[in-house]
């Protein structure tokens, strides 16, 4: 079951590397949703870990481009990233300690964050990076 589907019109930043990373994040979110639906706690843990690792790599990639090219909204954008990472790492720690569960609501939170962040925040950097020669 797909919780989130890639749509170029809705999600493309016109920075090919970041668009590819976003698509991978969408695949990981859908894998997490599938794992939650299966009821297999080990599969949920594996999917959660994979999603968090993919998101962290993507954020580092975006932030490296921001730094390299002097993106003016770096600080506020990084703050958004840092908030999500802190939330995810806290959940991951509690999940692996047996103190929390990952549910459909958890996956829905991630979907909501992505469907807000990418169109409203990430799309802002596309024109800036494109003007710097990043396609």
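Numbering (UniProt numbering), first residue to last: 1 to 135. A virtual CB, placed ideally from N, CA and C, is assigned to each residue, including glycine. Treat the numbers as computed from the prediction; the structure is a model and nothing was measured.
Simplified DSSP state of residue i, which is helix, strand or coil
i, result
"residue 137", "Past the edges of the chain, shown from 1 to 135, lies residue 137, and the structure says nothing about it."
"residue 7", "coil"
"residue 92", "helix"
"residue 134", "coil"
"residue 2", "coil"
"residue 44", "helix"
"residue 15", "coil"
"residue 79", "helix"
"residue 103", "coil"
"residue 119", "helix"
"residue 97", "coil"
Alpha-carbon spacing of residue i relative to residue j, whole angstroms
i, j, result
"residue 48", "residue 35", "9 Å"
"residue 56", "residue 38", "25 Å"
"residue 43", "residue 59", "24 Å"
"residue 41", "residue 99", "13 Å"
"residue 62", "residue 29", "19 Å"
"residue 96", "residue 132", "42 Å"
"residue 18", "residue 52", "16 Å"
"residue 9", "residue 111", "17 Å"
"residue 20", "residue 72", "23 Å"
"residue 64", "residue 46", "27 Å"
Contact set for residue i: own chain, Cβ-Cβ below 7 Å, skip 5 residues either direction
i, result
"residue 103", "36"
"residue 117", "80"
"residue 54", "24, 25, 28"
"residue 3", "29, 30, 33, 107, 111"
Same chain, Cβ closer than 6 Å to residue i, five either side skipped, listed in chain order
i, result
"residue 74", "66"
"residue 7", "none"
"residue 50", "28"
8 Å CB neighbourhood of residue i in its chain, flanking five on each side removed
i, result
"residue 113", "84"
- prompt: Just checking, does the stretch 117-129 make contact with the stretch 10-27 on the three C-beta pairs under 8 Å criterion?
  reply: Yes, the stretch 117-129 is in contact with the stretch 10-27.
Validate contact between the stretch 124-133 and the stretch 82-96 using beta carbons, cut 8 Å, 3 pairs: The answer is no - the stretch 82-96 does not touch the stretch 124-133, with fewer than three Cβ pairs under 8 Å.
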